[in-house]
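Reviewing the structure listed below.
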Amino acid sequence: MIINTGGRTDTAQYFSEWLLRRFEEGFVLVRNPMYPHKVTRYELDPAVVDVVEFCSKNYAPLLPRLHEITSRFNTHFQYTITAYGRDIEPGVPSLEQSVATLYALEEIAGAKRIIWRYDPVLLTRDYTIARHFQTFEWLASRLSGHVDRCVFSFVEMYRKLERNMPELEVMSLDQMDELARGLGAIAQRHGLRLQTCATDLDYSAYGIHGSGCATLDIFGAANDIEFRKLKHRGMRRHCRCFEMRDIGAYDTCPNGCRYCYANQSPELARRNFKLHDPAAPMLLGELGPNDELTHSTQKSLLVPMQLQLDL
């Protein structure tokens, strides 16, 4: 099984004490976002958790004790660093701070376990195509060689974005193509592998690889492990990533990113964040009398060690 710690909220930045406690105690409770009275217990045991996937915009709070997880589990890290300032990402550190934190993460995890995410790519009057190229060039010059690859995607026009970002420009296919061509050229200049995320658009002509940023192949290469050949449906439309189990909760991240898909509103996320108990087995709330608790059936997806040795 693959455990995802950061798909629903920035656990590394805001809930690191809780996260470390969950791995120390060896289990976590997760409420189903679609069926709130259904709660699943996952064992955080290296025997059944093959890889722990992290996604964050700021790993600094977790770094001092990250070794408590990396020393026991296979791990993989997605680090989002974009062109946006506090007008769009109020809770995210500066570019300089983010790059420095990524270097520190590399010292612990190694470059092959880190993917730099430059997404979502969006356009406004201030964040133009030219500005994206300028910032991406600056970042690529500093991150190439310190990450395994870079992944980018174009913003998806969720309905809530019309409310949270009225200044957002609808991107045309020609603009997407121009952006892909420019980003691809910059990545090639810096020897950086660049790929898309969750799209059926083909930019291979610009040296850009296809989607799939959390695949078994990537996890295996990052940790020198081998997975069994397994079919899967992807995590969402046009996605080639392997299915993971997220242990976070929606509407809890105080970063305030205006394009965020995981929060209904920044105000709700801030209210929920104040209710968080670092000692609780669940990121938000607790098990209630009407809840239905299910123990997940977990098993390793790895090729058995003896078979690996025989190969």
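All the letters of the sequence shown, read from the start, carry residue numbers 88 to 398 under the working numbering.
Beta carbons are placed, not taken as given, at the ideal position from N, Cα and C, and that holds for glycine.
This one's a predicted model, so the numbers in the text were calculated from it and none came from an experiment.
Helix, strand or coil: which one does DSSP assign to D132?
Translated into positions along the sequence shown, residue 132 becomes position 45. DSSP, reduced to helix, strand and coil, places D132 outside both helices and strands of the structure shown, so it counts as coil.
Alpha-carbon spacing of S32 relative to A198, whole angstroms:
Outside the shown range of the chain, which is 88 to 398, sits residue 32, and nothing can be said about it.
Cα separation between R109 and R128?
By one-based count along the sequence shown, residue 109 stands at place 22. By one-based count along the sequence shown, residue 128 stands at place 41. About 11 angstroms.
My output table needs one value for P353: the three-state DSSP class, helix, strand or coil.
Reading the sequence shown from its first residue, position 266 is the one you call residue 353. P353 carries a helical assignment under DSSP once its states are collapsed to helix, strand and coil.
For T127: DSSP bridge partner residues
Translated into the one-based positions of the sequence shown, residue 127 becomes position 40. Partner(s): V117 and T381.
Which residues bound the beta strand (DSSP E) around L281?
Within the sequence shown, residue 281 is the residue found at index 194, counting from 1. Unbroken beta strand (DSSP E) run through L281: L281 to T283.
Work out the CA separation of H296 and A285 for me, nearest whole Å.
In the sequence shown, counting from the first residue as 1, residue 285 sits at position 198. In the sequence shown, counting from the first residue as 1, residue 296 sits at position 209. Straight-line Cα distance between these residues: approximately 12 angstroms.
Can M263 and F239 be called in contact, C-beta distance under 8 angstroms?
In the sequence shown, the residue the question calls residue 263 occupies position 176. In the sequence shown, the residue the question calls residue 239 occupies position 152. Result no, Cβ atoms of M263 and F239 do not sit closer than 8 angstroms.
Distance, Q184 Cα to Q258 Cα:
Locating residue 258 in the sequence shown gives position 171, counting from the first residue. Locating residue 184 in the sequence shown gives position 97, counting from the first residue. Reading the sequence as shown, one finds Met at residue 258 and not Gln. Going by the C-alpha atoms only, they are around 30 angstroms apart.
Inter-residue Cα distance where the pair is A85 and Y190:
Nothing can be reported for residue 85: it is not among the residues displayed for the chain, which extend from 88 to 398.
Indicate whether H363 and F114 have their beta-carbon atoms separated by less than 8 angstroms.
Taking the first residue of the sequence shown as 1, we reach residue 363 at position 276. Taking the first residue of the sequence shown as 1, we reach residue 114 at position 27. F114 sits away from H363, with the two beta carbons spaced by 8 angstroms or more.
DSSP beta-bridge partners of T167:
Taking the first residue of the sequence shown as 1, we reach residue 167 at position 80. Under DSSP, T167 forms a beta bridge with R204.
I believe D137 touches S383 by the beta-carbon criterion, under 8 angstroms. Please report the beta-carbon distance rounded to the nearest angstrom.
Along the sequence shown, read from residue 1 onward, the residue named residue 137 stands at position 50. Along the sequence shown, read from residue 1 onward, the residue named residue 383 stands at position 296. In this structure, D137 and S383 do not form a Cβ contact; the two beta carbons are roughly 14 angstroms apart against a cut-off of 8 angstroms.
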